Ligand SMILES: Cc1ncc(C[n+]2csc(CCOP(=O)(O)OP(=O)(O)O)c2C)c(N)n1
Ligand code: SF4
């Protein structure tokens with residue numbers, strides 16, 4: 121039996137006690153919490169530097185109680201490279217959306233992986249541009265209605281979605297690349313384990329580690345909070361299979 | 003230290019290293035590439051960071067990251083590459099982290115060519131990226147001056163927490179001249195850390211977190227921040243003006259030029275003096291802050307100005323603003339990578355002295 125006053129659930133130390141600007145039901149908040157819990161558990165808050173994207177997570181530095189930089193749109197991996205190269209003993213992570221990473225920042229993320237840059241990347245795939253009000257992203261699904269594809273994404277003219285985890289896993293420099301989802305408790309727990317590994321890979325100096333997280337955007341999908349989680353399961357999971365796309369042998373041994 | 007025969011690009015690279023450069027990020031582009039190549043050799047040798055980025059966009063954002071940790075960092079490029087860096091430069095300026103950028107200008111617009119030019123004056127001096135900000139811009143005319151200004155650039159960048167440009171051209175970059183390198187300054191290394199600046203990102207162990215960002219969502223906060231930036235630029239205008247002048251006291255005509263155009267123009271001015279013409283010479287070394295007050299003073303004593311540039315007439319606008327219409331300011335320029343000859347400028351001086359002066 122737990123004593124009444126025993127705390128069983130609290131805000132991770134690596135998160136600040138401020139109000140969130142994320143929409144109700146948005147899983148950005150869940151992703152923040154998982155990253156913060158991992159940082160607490162690994163005891164690395166004092167040596168960690170985060171790099172925020174341009175996108176809904178632009179204010180990530182408000183929520184994490186860590187040293188933080190706010191990069192230009194898509195350039196977080198370059199900025200993180202600059203930090204990590206001069207402070208190799210520090211832990212450096214980027215937190216990026218799919219417009220930020222898969223569109224404007226495709227070059228920076230690809231070359232960071234190619235160099236085997238010793239970084240941890242948290243990649244939020246919500247199949248849309250959230251911050252700018254719901255335009256088509258490179259990850260939007262075929263037929264998906266967005267404000268810039270009002271009749272649904274036409275793959276004849278805009279091509280098929282980019283699969284970042286699969287793409288980056290194919291690059292020799294990456295050490296750990298997986299896709300997880302935040303649409304239910306079981307998957308959230310699995311996502312946390314992956315995030316933990318992605319930080320451990322960096323601590324071990326093994327190179328580029330990325331966790332892609334299927335995430336919800338109820339506001340721009342025009343769905344309720346629970347409806348959006350359901351949409352992740354019914355629409356995103358079939359298009360973006362969860363799994364481990366690159367796990368180097370030495371990473372396999374991590375627990 | 004004795005003088006050695008040094009190439010401009012390599013000399014600037016070595017000067018930066020001796021100024022305590024800890025990290026260099028760059029991308030090859032002629033006529034700047036020897037600078038990057040010197041870094042590729044020397045930085046690893048000294049156990050410092052060299053990284054060839056995948057683009058100038060990446061390079062400037064790597065600089066932004068490294069600068070956020072409070073180390074001495076730089077990049078170098080030439081005109082098209084500098085264009086690509088502009089968004090990042092605006093972020094760096096707005097985050098008030100120090101860095102140094104060498105722009106070895108070449109002929110433009112577009113891909114242009116690899117010959118010396120000065121067509122990036124507007125781009126670099128008038129802000130260099132979106133929003134209201136200034137970079138300190140230093141324009142050397144000789145290899146020695148390129149060394150000295152690059153060496154000083156890091157101190158200026160740190161003192162004011164601004165971007166400092168060394169704005170030069172393919173002529174200074176490629177030129178070999180006898181010059182003297184400065185002494186090697188000590189640099190921070192693991193185990194021998196310089197005290198990190200109070201704002202730097204080094205991990206929040208034992209202190210409140212630091213944030214490097216450039217976002218001010220509330221317009222009132224945005225304006226307050228802009229006013230603070232502007233106050234800093236006014237302070238820079240007070241303290242950091244640099245110029246070189248020659249034979250201006252009795253001059254009827256003062257020829258003004260920066261960098262290579264200035265150096266060629268000085269030869270023409272000496273030739274004019276040799277045949278008894280009362281011609282003076284003025285070379286702005288800091289393009290921001292522009293030597294406005296001194297030019298305004300000279301406008302009271304001379305009868306006219308001739309501005310010589312390797313562009314269509316960019317700095318001439320600043321000379322006109324400084325002179326405020328008190329005397330005529332005329333322009334002579336070559337473009338697209340053409341460097342004027344002294345006798346062309348001399349002919350221009352003679353033509354102008356023959357002209358009536360409406361003052
Ligand atoms: C250079 C530049 N281009 C465009 C923008 C506008 N912009 C801001 S956020 C954004 C898209 C963000 O979408 P995503 O990365 O998917 O993140 P989300 O908001 O969905 O979390 C865009 C296009 C910008 N800030 N800078
Ligand atoms: S717009 Fe979408 S991604 Fe952005 S905070 Fe709202 S729900 Fe989340």
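Residue numbers (our numbering), protein chains in the order written: chain A, 121 to 375; chain B, 3 to 361.
Beta carbons are placed, not taken as given, at the ideal position from N, Cα and C, and that holds for glycine.
Nothing here was measured: the structure is a model prediction, and the numbers come from that model.
Rounded to whole angstroms, how far is the Cβ of residue i from the Cβ of residue j, which I believe are closer than 8 Å?
i: residue 5/B; j: residue 180/B; result: 4 Å
i: residue 215/B; j: residue 137/B; result: 19 Å between Cβ atoms; not a contact.
i: residue 280/B; j: residue 252/B; result: 5 Å
i: residue 130/B; j: residue 64/B; result: That belief does not hold up - the Cβ atoms of residue 130/B and residue 64/B are roughly 18 Å apart, past 8 Å.
i: residue 175/B; j: residue 34/B; result: 6 Å
i: residue 144/A; j: residue 348/A; result: That belief does not hold up - the Cβ atoms of residue 144/A and residue 348/A are roughly 10 Å apart, past 8 Å.
i: residue 67/B; j: residue 199/A; result: 4 Å
i: residue 100/B; j: residue 262/B; result: The Cβ separation is near 27 Å, so there is no contact.
i: residue 315/A; j: residue 154/A; result: 5 Å
i: residue 243/B; j: residue 293/B; result: 5 Å
Give me, in chain order, the residues of the same chain whose beta-carbon lies closer than 6 Å to that of residue i; leave out the 5 immediate sequence neighbours on both sides.
i: residue 330/B; result: 306
i: residue 275/A; result: 262
i: residue 328/B; result: 301
i: residue 320/A; result: 374
i: residue 224/A; result: 193, 194
i: residue 74/B; result: 22, 23, 24, 156
i: residue 303/A; result: 349, 352, 353
Tell me the rounded alpha-carbon separation between residue i and residue j.
i: residue 9/B; j: residue 197/A; result: 34 Å
i: residue 152/A; j: residue 223/B; result: 27 Å
i: residue 332/A; j: residue 194/A; result: 16 Å
i: residue 307/A; j: residue 208/A; result: 32 Å
i: residue 229/A; j: residue 202/A; result: 13 Å
i: residue 312/B; j: residue 338/B; result: 8 Å
i: residue 269/B; j: residue 11/B; result: 23 Å
i: residue 121/B; j: residue 170/A; result: 38 Å
i: residue 123/B; j: residue 316/B; result: 6 Å
i: residue 222/A; j: residue 173/A; result: 12 Å
i: residue 184/A; j: residue 342/B; result: 57 Å
i: residue 178/A; j: residue 126/B; result: 28 Å
i: residue 299/A; j: residue 244/A; result: 10 Å
i: residue 132/A; j: residue 156/A; result: 6 Å
i: residue 299/B; j: residue 283/B; result: 14 Å
i: residue 106/B; j: residue 132/B; result: 21 Å
i: residue 79/B; j: residue 336/A; result: 41 Å
i: residue 258/A; j: residue 202/B; result: 35 Å
i: residue 186/B; j: residue 271/B; result: 37 Å
i: residue 325/B; j: residue 77/B; result: 35 Å
i: residue 226/B; j: residue 128/B; result: 21 Å
i: residue 267/A; j: residue 343/A; result: 15 Å
i: residue 344/B; j: residue 351/B; result: 10 Å
i: residue 282/A; j: residue 144/B; result: 51 Å
i: residue 153/B; j: residue 17/B; result: 5 Å
i: residue 288/A; j: residue 215/A; result: 16 Å
i: residue 13/B; j: residue 292/A; result: 37 Å
i: residue 265/A; j: residue 355/A; result: 13 Å
i: residue 236/A; j: residue 38/B; result: 22 Å
i: residue 318/B; j: residue 334/B; result: 9 Å
i: residue 27/B; j: residue 169/B; result: 18 Å
i: residue 317/A; j: residue 371/A; result: 8 Å
Which residues in the same chain as residue i place their Cβ atom closer than 8 Å to its Cβ, once the five residues preceding and following it in sequence are excluded?
i: residue 360/B; result: With a pLDDT of only 48 at residue 360/B, under the threshold of 50, the placement of this residue in the model should not be trusted; the figure read from the coordinates follows. Same-chain partners within the cutoff: 330.
i: residue 322/A; result: 211, 212, 213, 238, 239, 240, 329
i: residue 134/B; result: 228, 231, 232
i: residue 91/B; result: 62, 103, 130, 131, 137, 165
By Cβ distance below 7 Å, which residues in the same chain neighbour residue i in space, the five residues on each side in sequence not counted?
i: residue 176/A; result: 142, 148, 217, 250, 251
i: residue 321/B; result: 258, 297, 307, 309, 331
i: residue 362/A; result: 299, 300, 301
i: residue 237/B; result: none
i: residue 36/B; result: 9, 11, 12
i: residue 150/A; result: 302, 308
Which parts of the region 6-38 of chain B are runs of the alpha helix (DSSP H), unbroken and 4 residues or longer, counting only runs that do not cross its ends?
10-20
For the region 173-248 of chain A, list the alpha helix (DSSP H) runs that are entirely contained and at least 4 residues long, ordered along the chain.
180-183, 196-206, 226-234
What alpha helix (DSSP H) runs, 4 residues minimum, are completely inside the region 244-296 of chain B?
261-276
What are the uninterrupted segments assigned as alpha helix (DSSP H) that are 4 or more residues long and contained completely in the region 108-156 of chain B, given in chain order?
123-127
In chain order, which continuous runs of the beta strand (DSSP E) of length 3 or greater are located wholly inside the region 278-349 of chain A?
294-301, 328-334
Sequence ranges, alpha helix (DSSP H) only - wholly within the region 58-116 of chain B, length at least 4
Taken in chain order, the complete alpha helix (DSSP H) segments of 4 or more residues contained in the region 58-116 of chain B are 58-70, 81-97.
Give, in chain order, every unbroken run of the alpha helix (DSSP H) that is at least 4 residues long and sits entirely within the region 162-202 of chain B.
172-176
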